[in-house]
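Taking mature numbering (1 follows the signal peptide of the UniProt record, and there is no 0), I'd label the letters of the sequence shown as residues -28 to -1, 1 to 300.
Heads up, the thing below is written out as structure tokens.
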Amino acid sequence: MATSSRCNKATLLMAFAVAAVLSTASRAQPPLQYNFYGSSCPQAEATVRNVTEGIIAKDRTMGAAFMRLFFHDYFVRGCDASILLDPTSSNPQVEKKAIALRGYDAVNKIKAAVESVCPGVVSCADILAFAARDTAVVSGGFATFDMPSGRRDGVVSNFIEVLQNIPSPILKLPDLIKNFAAKGLSVDDLVTLSAAHSFGQAHCSFFNGRLYPTVDPTMDATFAAALKTVCPPPGSGGGDPVVNNNRVTDPNALSNQYYSNLVTGQVLFVSDQQLMSSNYTAAKAANNSANATAWMGQFAAALVKMGGIQVLTGTAGQVRKYCNVVKS
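Take a look at the structure:
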């Protein structure tokens, strides 16, 4: 009974938070709407959900891959699936060449399943948004929430724009705030969405500066010592191993455990630990650590908000048949 009550409370909080964000976003982006494919492809969201769930069930690391693809797509040109485009002879330097990400084949699999029931109707951009929402449900135990749709796919993908827009893991807090603000996201959104680092993996090179030549004093000493057994000093010839973002509990669960790790100095990136450098963001982190239900509602709302900024709608862009190539 207590568990049911908590679930009901989480569902209500998510519904209210998402509705509030959508009310604001809808004024800026009226074409995005709930159940956009209700008439044109009523099976769309269920198909994406079923395939996404199946992929994560077979490989739990894919939840973080889906979430990271959505984030990287949004942060460069808005949610237009530009991150999915393969290089061509006329454009060899596309976004996916700028950073190593996983999940491209998985998205193609979802797209193929959707095409089999509704050819040429559902955009790859919406598939990324639905898969991110479904990842929160599968990998985070969230109550399901609505993700508005109606996005169209872009035809431009530029390597340089990744370097210009994706926030670096070594950014200090003022620059992180500025980076998120440029995309229409608040300080609260920054703190909330940073918990995506509760799952997934990272190469040692992204945080080795906190280990060598001396350990960052804001990092827990025992945590740092364990990392140094895996991550060799730069230039030592030891390669660039991969470690779990969350080395304290389940590395494949999206959760508010991130904030407990943050408070205790057990996070990898400078950009993570920077959330403890101001009273406001540190207080937000402490609150999120203490209240999983409230954080889940905020995360769902921030995910919806992120997915509604700088989108292509109406007749802009196109609906690709294959997510990795522009439709000619």
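Every residue gets a Cβ at the ideal spot worked out from N, C-alpha and C, and that includes glycine.
None of these values were measured; they are calculated from a predicted model.
Self-check item: Three-way DSSP call (helix, strand, coil) for Asp45 in this model
Solution: helix
Self-check item: Cβ shell of Val215 (< 6 Å), same chain only, five flanking positions each side left out
Solution: Val202
Self-check item: His169 - partner residues in DSSP beta bridges
Solution: His169 pairs with nothing; no bridge assigned.
Practice problem: Would you tell me roughly how many angstroms separate the C-alpha atoms of Ser61 and Phe241, rounded to the nearest one? | Solution: 36 Å
Practice problem: Let me know the secondary structure DSSP gives Ser121 once reduced to three states. | Solution: strand
Quiz prompt | Secondary structure, beta strand (DSSP E): runs of 3+ residues fully inside the region 212 to 295 | solution = 214 to 216
Exercise. Quick one: using the 10 Å Cβ neighbour count with 16 as the cut-off for buried, is Ser88 buried or exposed?
Key: exposed
Exercise. Helix, strand or coil for Gln15, going by three-state DSSP, please let me know.
Key: coil
Practice problem: Confirm the yes/no value for this check: CB of Gly122, any heavy atom of the ligand MG, distance under 7 Å. | Solution: The model depicted lacks the ligand MG and carries no ligand whatsoever.
Exercise. Would you please state the rounded distance, in angstroms, between the beta carbons of Thr24 and Val110? I believe it to be under 8 Å.
Key: 7 Å
Quiz item: Going by alpha carbons, who is nearest to Leu143 out of Ala288, Ser243, Asn260, Ser250?
Solution: Ser243
Quiz item: Expressed to the nearest angstrom, what Euclidean distance is found between the alpha-carbon atoms of Ala272 and Gly286?
Solution: 25 Å
Quiz item: Quick one: Cα of Ala288 to Cα of Gln65, how far?
Solution: 23 Å
Quiz item: With a CB to CB cut of under 6 Å and the five nearest residues on each side skipped, what residues in its chain are close to Tyr184?
Solution: Pro205
Practice problem: Pick out whichever of Asp77, Ile82, Ile55 has its Cα sitting closest to the Cα of Ala70. | Solution: Ile55
Quiz prompt | First and last residue of the uninterrupted alpha helix (DSSP H) at Asp98 | solution = 96 to 112
Self-check item: Whole-angstrom distance between Ser129 and Asn7, CA atom to CA atom
Solution: 28 Å
Quiz prompt | Coil, strand or helix - Gln5 by DSSP | solution = strand
Quiz prompt | Which residues DSSP lists as bridging Ala174, in chain order | solution = Val215
Exercise. Check Pro146 in the structure and name its three-state DSSP category.
Key: helix
Quiz item: Three-state secondary structure (DSSP) at Thr164?
Solution: helix
Quiz item: Rounded to a whole number of angstroms, what is the C-alpha to C-alpha distance between Leu57 and Tyr76?
Solution: 9 Å
Quiz item: By Cβ distance below 7 Å, which residues in the same chain neighbour Phe131 in space, the five residues on each side in sequence not counted?
Solution: Gln65, Val66, Glu67, Lys69, Ala70
Self-check item: Beta-carbon proximity of Ala168 to Leu247, cut-off 8 Å
Solution: no
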